[in-house]
């Protein structure tokens, strides 16, 4: 069970155990507790029902991530977000923390972005398969802020609110399903589980979560994350 937990967390992306705990503390927790350290203790002790690593497990996993298999992996695959200070850029910070897991196939992330295309002045939105984009593009330009990450016509979905241009595309990880009743869905190709991106839905799907990224760089950003189950 411990090895499964290690593989389920992007340990290399956290600088400390406290930062790891903070990722699992909600704004609601801080509002009611009014104490960051107390909130950390509650999360660490498991009172919120989360399956988290202990401090010892965290340190062991981080040591392996930095000096074990990942060290060999880096020889053949560049980790673009590694070592960059992105704390002032919420989306890039979140993506950098997830990069290793997504590249390794342990986490699948769909990025919803709504923003203004500075080249046309049009509002655009779309769903991006993060893993597919990592394979197709050099994310060094995004993490270095030389380019701004925006939806493309080739992404899972793309919509131009001015021209009403709409595109859907399957990716290497997801199949697009336009359901007449449930709306837009994405089926994971490995475990066949479906992610529901309807903002009114309270449950995005099995082993899936929805996280809103608060940022001034975009009009709206939401991450849909799925932990795929490997076939036996």
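Residue numbers (the working numbering): 10 to 241. In this text, a Cβ means the ideal position worked out from N, Cα and C, and glycines have one as well.
{"Item": "Would a C-beta distance cut-off of 8 angstroms place residue 160 and residue 167 closer than the cut-off?", "Value": "yes"}
{"Item": "Nearest to residue 222 by alpha carbon, out of 25, 73, 121 and 89?", "Value": "121"}
{"Item": "Would DSSP call residue 164 helix, strand or coil?", "Value": "coil"}
{"Item": "For residue 144, tell me which candidate among 72, 174, 157 and 113 has the shortest Cα-Cα distance.", "Value": "113"}
{"Item": "Between the C-alpha atoms of residue 131 and residue 70, what's the straight-line distance to the nearest angstrom?", "Value": "45 angstroms"}
{"Item": "Name, in chain order, the residues that DSSP records as bridge partners for residue 217.", "Value": "235"}
{"Item": "Mind checking whether residue 233 and residue 204 have CB atoms under 8 angstroms apart?", "Value": "yes"}
{"Item": "Anyone know if the C-beta pair for residue 94 and residue 136 falls short of 8 angstroms?", "Value": "no"}
{"Item": "Thinking C-alpha only, which one of 198, 142 and 173 is nearest residue 185?", "Value": "198"}
{"Item": "Can you tell which of 116, 104, 123 and 109 has its C-alpha closest to the C-alpha of residue 169?", "Value": "123"}
{"Item": "What is the DSSP secondary structure of residue 82, counted as helix, strand or coil?", "Value": "A caution first: residue 82 carries a pLDDT of 47, below 50, which makes its placement in the model unreliable, though a value can still be read off. Reduced to three states, the DSSP call for residue 82 is helix."}
{"Item": "When you compare only the Cα positions, how much space is there between residue 67 and residue 210?", "Value": "33 angstroms"}
{"Item": "Secondary structure at residue 198, three-state DSSP: helix, strand or coil?", "Value": "coil"}
{"Item": "Looking at residue 202: is its Cβ nearer than 8 angstroms to the Cβ of residue 235?", "Value": "yes"}
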